[in-house]
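If you're matching them up, the sequences are chains A and B in order.
Under the UniProt record's numbering, read the first sequence as residues 1 to 396, first letter to last.
Under the UniProt record's numbering, read the second sequence as residues 1 to 396, first letter to last.
Everything below concerns the one structure shown next.
There are 2 protein chains.
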Amino acid sequence: MNPAGIGAATVRGDLGEHEERQLAWAYLSRVVLGPCPALTALIDSVGVCEAARAVRERALPPVLRTVTERRRELDTAARDLETIRTRGGRLVTPDDAEWPAWRMLGLAQLTPGRDPDGALPLVFWVRGHRNLSELTEHALAVVGARCSTGYGDRVAGEITGELAARGWTIVSGAAFGIDGTAHRAALTVGGATIAVMACGADRAYPTQHERLIARIAETGLVISEYPPGTFARKHHFLARNRLIAALADGVLVVEAGMRSGARNTVKWARRIGRPALAVPGSVESAASAGCHRMIRDGEAVLVTGTAEVLAETAPSRLPLSTGSKSSEVDRPGGPEARILAALPATGGRWPHDISAMTGLEAAEVRAALVALDMSGAAARGEAGWFRLDRAGEGGE
Amino acid sequence: MNPAGIGAATVRGDLGEHEERQLAWAYLSRVVLGPCPALTALIDSVGVCEAARAVRERALPPVLRTVTERRRELDTAARDLETIRTRGGRLVTPDDAEWPAWRMLGLAQLTPGRDPDGALPLVFWVRGHRNLSELTEHALAVVGARCSTGYGDRVAGEITGELAARGWTIVSGAAFGIDGTAHRAALTVGGATIAVMACGADRAYPTQHERLIARIAETGLVISEYPPGTFARKHHFLARNRLIAALADGVLVVEAGMRSGARNTVKWARRIGRPALAVPGSVESAASAGCHRMIRDGEAVLVTGTAEVLAETAPSRLPLSTGSKSSEVDRPGGPEARILAALPATGGRWPHDISAMTGLEAAEVRAALVALDMSGAAARGEAGWFRLDRAGEGGE
Chain A
1 MNPAGIGAAT
11 VRGDLGEHEE
21 RQLAWAYLSR
31 VVLGPCPALT
41 ALIDSVGVCE
51 AARAVRERAL
61 PPVLRTVTER
71 RRELDTAARD
81 LETIRTRGGR
91 LVTPDDAEWP
101 AWRMLGLAQL
111 TPGRDPDGAL
121 PLVFWVRGHR
131 NLSELTEHAL
141 AVVGARCSTG
151 YGDRVAGEIT
161 GELAARGWTI
171 VSGAAFGIDG
181 TAHRAALTVG
191 GATIAVMACG
201 ADRAYPTQHE
211 RLIARIAETG
221 LVISEYPPGT
231 FARKHHFLAR
241 NRLIAALADG
251 VLVVEAGMRS
261 GARNTVKWAR
271 RIGRPALAVP
281 GSVESAASAG
291 CHRMIRDGEA
301 VLVTGTAEVL
311 AETAPSRLPL
321 STGSKSSEVD
331 RPGGPEARIL
341 AALPATGGRW
351 PHDISAMTGL
361 EAAEVRAALV
371 ALDMSGAAAR
381 GEAGWFRLDR
391 AGEGGE
Chain B
1 MNPAGIGAAT
11 VRGDLGEHEE
21 RQLAWAYLSR
31 VVLGPCPALT
41 ALIDSVGVCE
51 AARAVRERAL
61 PPVLRTVTER
71 RRELDTAARD
81 LETIRTRGGR
91 LVTPDDAEWP
101 AWRMLGLAQL
111 TPGRDPDGAL
121 PLVFWVRGHR
131 NLSELTEHAL
141 AVVGARCSTG
151 YGDRVAGEIT
161 GELAARGWTI
171 VSGAAFGIDG
181 TAHRAALTVG
191 GATIAVMACG
201 ADRAYPTQHE
211 RLIARIAETG
221 LVISEYPPGT
231 FARKHHFLAR
241 NRLIAALADG
251 VLVVEAGMRS
261 GARNTVKWAR
271 RIGRPALAVP
281 GSVESAASAG
291 CHRMIRDGEA
301 VLVTGTAEVL
311 AETAPSRLPL
321 STGSKSSEVD
331 RPGGPEARIL
341 AALPATGGRW
351 PHDISAMTGL
361 EAAEVRAALV
371 ALDMSGAAAR
381 GEAGWFRLDR
391 AGEGGE
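If you want it as structure tokens, here you go:
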């Protein structure tokens with residue numbers, strides 16, 4: 001194969017600058033197959049087209065020559081771009097407006113020498129119609145055990161569904177177990193979800209999730225830093241985890257065995273300054289052992305439900321309840337004050353009944369209850385919601 | 001009634017000094033019915049006999065006159081001492097060698113003005129033959145929900161039984177639920193347990209636990225700072241909780257509702273510098289909500305089993321495993337090294353099988369596994385114990 005593709009095209013002069021750059025990015029993505037700090041540094045310094053030419057002509061420092069040697073003659077850029085296009089996708093590069101630049105800041109601030117595997121992604125191969133940058137504006141990563149239990153699936157489904165319904169994008173890895181549950185819960189409520197793949201964005205891994213992944217691409221995004229056709233390899237999963245952490249406001253782990261990959265995602269979250277949250281469970285369940293270990297070791301904060309996830313992840317990013325300000329609780333006649341007045345101090349009352357008592361919509365009641373929970377004014381017990389009077393400790 | 005009891009006895013000269021002082025302590029215990037910092041200060045300054053005389057003769061500063069006025073003429077000291085003796089008990093005072101002075105240091109260091117309810121106990125009315133000071137040398141307080149679940153009872157029973165079998169004394173409050181389970185588990189393994197009562201030590205509260213409390217007195221201790229016959233009152237429970245915390249090396253909470261009294265015991269533990277531990281559970285269980293809240297708020301450390309309780313409570317107080325030093329893991333041929341060699345890296349193996357493979361006693365295997373767990377060399381999963389290789393993060 002004559003590795004002249006881009007250079008020749010430029011000479012022909014029939015390519016726009018954008019297309020030329022796209023070809024250069026695609027070519028380099030195929031050559032390095034994943035993150036490559038040395039190449040990113042070269043692109044930063046000479047531009048992507050010049051970098052592609054240097055790689056092709058081996059006009060490189062030794063370290064880059066080594067990592068590019070094996071595939072530098074393999075210029076499938078045009079074909080790769082065509083492949084992703086036929087799958088309803090595109091190549092998103094740092095040239096594009098939708099490149100999630102601010103999401104990548106955490107990775108950008110890591111020291112390449114000290115964190116070679118924490119490198120910035122070169123590009124994102126993307127399937128789906130949504131804008132990657134917009135879709136990750138309010139996002140939560142939800143990951144966990146592949147061998148999840150019914151408990152984990154229920155909790156992941158509930159929290160994920162509630163957040164997705166509130167406009168949060170759910171980012172996960174399309175794996176069996178908690179990942180799949182999180183994507184499905186987001187889809188069920190008509191919310192947005194992003195699957196970050198360890199294989200090419202045109203492939204399905206695990207293959208049993210082919211339909212799920214196709215559904216995600218329909219309303220959300222399926223993305224990968226690997227070019228089309230790439231098979232999932234073991235080290236891809238670890239690299240992929242850094243992107244899951246980087247693309248979200250926080251990482252929630254619902255069930256994780258003692259040696260779960262979720263812990264790796266949490267490690268990334270902490271390295272790039274994102275909150276890491278974990279749901280506790282029975283100490284008799286091996287599927288919760290990793291969560292407990294992370295909470296115990298201070299790697300993750302214990303959360304028991306949506307309100308606490310919101311409190312930890314972005315306390316001031318989204319309004320706490322529809323159409324109300326946080327001072328609502330103190331304003332007589334506001335929905336939260338009315339709901340608070342309808343709550344018993346002992347026992348409990350369910351949203352349906354509160355709605356009937358106050359004449360407020362059920363959705364408004366639920367949103368206000370979350371805000372009241374977060375502000376410590378109310379809590380949910382076995383018998384429903386109750387008012388919390390902070391004066392005494394009470395009881396035995 | 002002529003309030004001349006002790007004074008008259010002293011005049012008669014037929015009482016030894018010890019008995020005279022016992023009568024003075026007993027008299028004052030009845031007068032104040034619980035902790036009284038002002039009285040403790042007076043005793044410290046003039047001695048217990050002089051303090052008793054001053055109370056009886058109203059030769060007191062106004063604050064003490066007020067709190068002693070109501071019962072100062074009620075001298076039932078001799079009868080109270082007789083009552084506790086007929087129940088196989090005695091009065092333990094700061095005069096006695098078995099007074100747990102070092103256990104009371106935490107309370108002694110609180111500022112009486114700022115922590116009026118954190119006062120030192122005047123005395124302990126005690127049922128049982130064991131020495132109070134010796135019995136609290138290695139002690140864990142185990143408290144929790146009165147409405148415990150099967151899960152909570154299993155976990156409390158397992159941890160408590162294992163610690164009691166290792167020689168730890170279990171301190172609790174004889175209440176329904178976790179308290180009762182903890183006492184019973186200690187008794188079952190032939191271990192020591194102490195019930196700290198909110199009523200007189202001669203009474204049973206709750207009455208349904210009369211047999212349990214009697215069994216505790218047979219092999220352990222039933223103690224109270226209230227004189228015989230005292231009924232349990234609401235404020236006694238809160239005051240009693242400080243003694244549960246003070247008498248142990250740490251407080252373990254197994255299940256607690258959002259407004260559980262266990263949180264009050266944890267508050268005391270923290271104020272007097274004892275570790276507070278809590279067992280997580282399902283976020284769907286109201287009985288674990290208080291534990292989660294305490295872990296989340298940093299009031300208690302998450303623990304999942306005996307090894308972690310030991311690690312948090314007294315890492316260097318007791319040998320980690322029977323007959324082995326902590327360097328055993330590294331010593332080839334030592335029991336822990338042999339057990340480690342018998343553990344699989346994936347899956348798991350149960351103590352019974354490890355015992356068969358290594359030729360070690362089951363008890364020795366279990367003790368060594370705890371040590372290996374604590375040192376991070378092994379962990380228990382759903383399929384049994386496995387070896388932990390700390391090199392890689394592994395997996396997805």
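Yeah, the Cβ is synthetic: ideal placement off N, Cα and C, and Gly gets one too.
Predicted model, so just to flag it, every value in this text is computed and none were measured.
Supposed contact pair residue j and residue i - C-beta distance, whole angstroms, cut 8 angstroms
{"i": "residue 35(A)", "j": "residue 122(A)", "result": "7 angstroms"}
{"i": "residue 181(B)", "j": "residue 157(B)", "result": "5 angstroms"}
{"i": "residue 192(B)", "j": "residue 223(B)", "result": "Going by Cβ atoms, the distance from residue 192(B) to residue 223(B) rounds to 13 angstroms, so no, they are not a contact pair."}
{"i": "residue 365(B)", "j": "residue 339(B)", "result": "6 angstroms"}
{"i": "residue 386(B)", "j": "residue 334(B)", "result": "19 angstroms between Cβ atoms; not a contact."}
{"i": "residue 22(B)", "j": "residue 74(B)", "result": "About 17 angstroms; that fails the 8 angstroms criterion."}
{"i": "residue 370(B)", "j": "residue 306(B)", "result": "6 angstroms"}
{"i": "residue 148(B)", "j": "residue 255(B)", "result": "5 angstroms"}
{"i": "residue 170(B)", "j": "residue 142(B)", "result": "6 angstroms"}
Under 7 angstroms between C-beta atoms of residue i and residue j
{"i": "residue 152(B)", "j": "residue 287(B)", "result": "yes"}
{"i": "residue 105(A)", "j": "residue 250(A)", "result": "no"}
{"i": "residue 245(A)", "j": "residue 274(A)", "result": "yes"}
{"i": "residue 132(A)", "j": "residue 196(A)", "result": "no"}
{"i": "residue 30(A)", "j": "residue 76(A)", "result": "yes"}
{"i": "residue 24(B)", "j": "residue 48(B)", "result": "yes"}
{"i": "residue 81(A)", "j": "residue 26(A)", "result": "yes"}
{"i": "residue 145(B)", "j": "residue 260(B)", "result": "yes"}
{"i": "residue 269(A)", "j": "residue 276(A)", "result": "yes"}
{"i": "residue 72(B)", "j": "residue 55(B)", "result": "yes"}
{"i": "residue 66(A)", "j": "residue 228(A)", "result": "no"}
{"i": "residue 68(A)", "j": "residue 100(A)", "result": "no"}
{"i": "residue 258(A)", "j": "residue 378(B)", "result": "no"}
Three-state secondary structure (DSSP) of residue i
{"i": "residue 239(B)", "result": "helix"}
{"i": "residue 127(A)", "result": "strand"}
{"i": "residue 181(A)", "result": "helix"}
{"i": "residue 25(A)", "result": "helix"}
{"i": "residue 163(A)", "result": "helix"}
{"i": "residue 303(B)", "result": "coil"}
{"i": "residue 268(B)", "result": "helix"}
{"i": "residue 318(A)", "result": "Confidence in residue 318(A) is poor, its pLDDT being 35 and thus under 50, which makes the residue's placement too unreliable to answer from."}
{"i": "residue 254(B)", "result": "strand"}
{"i": "residue 385(A)", "result": "strand"}
{"i": "residue 110(B)", "result": "coil"}
Residue i to residue j span [Cα, whole Å]
{"i": "residue 322(A)", "j": "residue 155(A)", "result": "Because residue 322(A) carries a pLDDT of 36, less than 50, the predicted location of this residue cannot be relied on, and the following value inherits that uncertainty. Straight-line Cα distance between these residues: approximately 23 angstroms."}
{"i": "residue 119(A)", "j": "residue 161(A)", "result": "32 angstroms"}
{"i": "residue 203(B)", "j": "residue 294(B)", "result": "32 angstroms"}
{"i": "residue 376(B)", "j": "residue 388(B)", "result": "7 angstroms"}
{"i": "residue 248(B)", "j": "residue 289(A)", "result": "28 angstroms"}
{"i": "residue 356(B)", "j": "residue 292(B)", "result": "39 angstroms"}
{"i": "residue 220(B)", "j": "residue 127(B)", "result": "8 angstroms"}
{"i": "residue 351(A)", "j": "residue 312(B)", "result": "41 angstroms"}
{"i": "residue 95(A)", "j": "residue 298(A)", "result": "39 angstroms"}
{"i": "residue 166(A)", "j": "residue 296(A)", "result": "30 angstroms"}
{"i": "residue 336(B)", "j": "residue 239(A)", "result": "36 angstroms"}
{"i": "residue 342(A)", "j": "residue 354(A)", "result": "6 angstroms"}
{"i": "residue 134(B)", "j": "residue 102(B)", "result": "11 angstroms"}
{"i": "residue 108(B)", "j": "residue 59(B)", "result": "26 angstroms"}
{"i": "residue 39(A)", "j": "residue 61(A)", "result": "10 angstroms"}
{"i": "residue 198(A)", "j": "residue 117(B)", "result": "60 angstroms"}
Scan the segment 123-136 of chain A for residues whose Cβ lies nearer than 8 angstroms to a Cβ of chain B and list them as they occur along the chain.
-> none
Could you please tell me which residues of the segment 264-296 of chain B, in chain order, have their CB closer than 9 angstroms to any CB of chain A?
-> Contacts with chain A (Cβ-Cβ distance below 9 angstroms) from the segment 264-296 of chain B involve 264, 267, 279, 280, 281, 282, 283, 284, 285, 286, 287, 288, 289, 291, 292, 293, 295, 296, listed in chain order.
Selection of the segment 296-311 of chain B by Cβ proximity to chain A, strictly under 9 angstroms | For the segment 296-311 of chain B, residues whose beta-carbon sits nearer than 9 angstroms to a beta-carbon of chain A comprise 296, 301, 302, 303, 304, 305, 308.
Closer than 8 angstroms, Cβ to Cβ, to anything on chain B: give me those residues from the segment 360-380 of chain A, in chain order.
-> 379
Any residues in the segment 155-179 of chain A with a beta carbon nearer than 8 angstroms to a beta carbon of chain B? Which ones, in chain order?
-> For the segment 155-179 of chain A, which is checked against every Cβ of chain B, the residues closer than 8 angstroms are 155, 173, 175.
Cβ-based contacts, 9 angstroms cut-off: residues of the segment 246-261 of chain A near chain B = 257, 258, 259, 260, 261
Output, in sequence order along the chain, the residues in the segment 137-153 of chain A whose CB is closer than 8 angstroms to any CB in chain B.
-> Listed by position, the residues of the segment 137-153 of chain A near chain B (Cβ gap below 8 angstroms) are 146, 151.
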